[in-house]
Amino acid sequence: MFMQNPLLVTRPEHSSGREISFHQHQQAQLLIVEKGTSRIQGEQGWWLAMPDTAIYIPPNIEHRALYNKETILLNLVFDIYPEQALPDQISLILVSNLMKALAEQALLLNQKNERQMDLEQLALIKQLMLLQLGQRVQSSTLYVASGIDKRLKYITNKLKNDPSCDASLQQFATEVHSSVRTIARLFAQEIGLSFSQWREKLRMIIAIERLIAGQSITELAIDLGYQSSSSFSTAFRRVMGIPPKQYLQQSKSELRP
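Numbers 213 to 469, taken from this note's numbering, label the letters of the sequence shown in order.
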């Protein structure tokens, strides 16, 4: 039976453009990306997971999912207990070789019929996975905060839907019937970035998602509101530290120690 299985693992495939509306699970969920990208949105922002990273979602947390490229995941579902030192919010986890190997072994065990399924071995794998989860570094690099204040959420959601928008902070402040000083303070207090820093980070994370999906740098520059591919590459280097092509080449080896 489902409840007897301590670690349910499947390998779902999602087509490009698929969206899963807001929902929640009674158990914890770990989504390890094998191919493509997974964008998970929660109440206060969204996370982008690419190969060799994972999204951890605690029980009873509202979230939605978007897949901008054909994506293959390892989907792990399991119970957790208060004494276990795990994040209490959605988190982006850096996946180690051991975590990946444990998940793949658990998948093989789940593919057997009920009589052949080794529940004791699955319970042991679950314990090791939880130890790994508690020790893994949580990355904020590919996280875009939305803020809590309704004025801030209006601005961040509008830019997420139209990242090429070049409206000024003054224009947005007018739209939400507030002052530039108040909106700037909200960005600093709730997100920890200035308005311009946040918008540029948003554009770079969207760029990474689309580069993985195969979009060219020239197309990206236009779509994201830059005048040329060189100006886009300069902005990317400023935010991410290296040029876009180099980022994609190095990300796998850097994220997976």
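We treat Cβ as the ideally placed atom computed from N, Cα and C, and that holds for glycine. Everything numeric in this text was worked out from a predicted model, so none of it was measured.
DSSP state of residue i mapped onto helix, strand, coil
i	result
residue 252	strand
residue 354	coil
residue 458	helix
residue 225	strand
residue 367	helix
residue 379	coil
residue 388	coil
residue 232	strand
residue 240	strand
residue 334	helix
residue 345	helix
residue 423	helix
residue 398	helix
residue 220	strand
residue 469	The predicted position of residue 469 is uncertain, since its pLDDT is 40 and thus under 50; a value taken from the coordinates is nonetheless stated next. Three-state result, residue 469: coil.
residue 450	helix
Contact check, residue i vs residue j, beta carbons under 9 Å
i	j	result
residue 285	residue 244	yes
residue 259	residue 302	yes
residue 310	residue 265	no
residue 239	residue 290	yes
residue 403	residue 357	yes
residue 376	residue 436	yes
residue 345	residue 262	no
residue 274	residue 257	no
residue 313	residue 338	no
residue 399	residue 359	yes
residue 336	residue 322	no
residue 340	residue 217	no
residue 299	residue 350	yes
residue 432	residue 442	no
residue 382	residue 392	yes
Closest by C-alpha distance to residue i, when choosing among the options
i	options	result
residue 295	326, 343, 272, 255	343
residue 220	320, 430, 405	320
residue 283	224, 451, 400, 371	224
residue 235	269, 228, 341	269
residue 287	371, 442, 216, 222	222
residue 316	362, 348, 246	246
residue 419	401, 451, 405	451
residue 378	326, 434, 308	434
residue 397	361, 430, 416	361
residue 347	297, 427, 324	297
residue 509	430, 352, 462	One cannot answer for residue 509 here, as it falls past the ends of the chain, which runs 213 to 469.
Neighbour flag for residue i against chain B, beta carbons, 9 Å
i	result
residue 426	The structure shown contains no chain B; it is built from a single protein chain.
Below 8 Å, how does it come out for the segment 236-251 and the segment 278-291: are there three or more Cβ pairs, yes or no?
For the pair of segments examined, the segment 236-251 was found to touch the segment 278-291: the number of CB pairs separated by less than 8 Å reaches three.
Below 8 Å, how does it come out for the segment 382-389 and the segment 355-368: are there three or more Cβ pairs, yes or no?
With a cut-off of 8 Å on Cβ pairs, the segment 382-389 is in contact with the segment 355-368, counting three or more such pairs.
Inspect the CB distances between the segment 399-413 and the segment 434-452 and report whether three or more fall short of 8 Å.
Two segments are said to touch when three or more pairs of C-beta atoms, one from each, lie closer than 8 Å; by this definition the segment 399-413 touches the segment 434-452.
Does the segment 422-438 come within contact of the segment 450-464, defined as at least 3 CB pairs closer than 8 Å?
At 8 Å Cβ cutoff, the stretches touch.
Ranges of the alpha helix (DSSP H) found wholly within the segment 248-330, counting only runs of at least 4:
Qualifying alpha helix (DSSP H) stretches, in chain order: 309-322.
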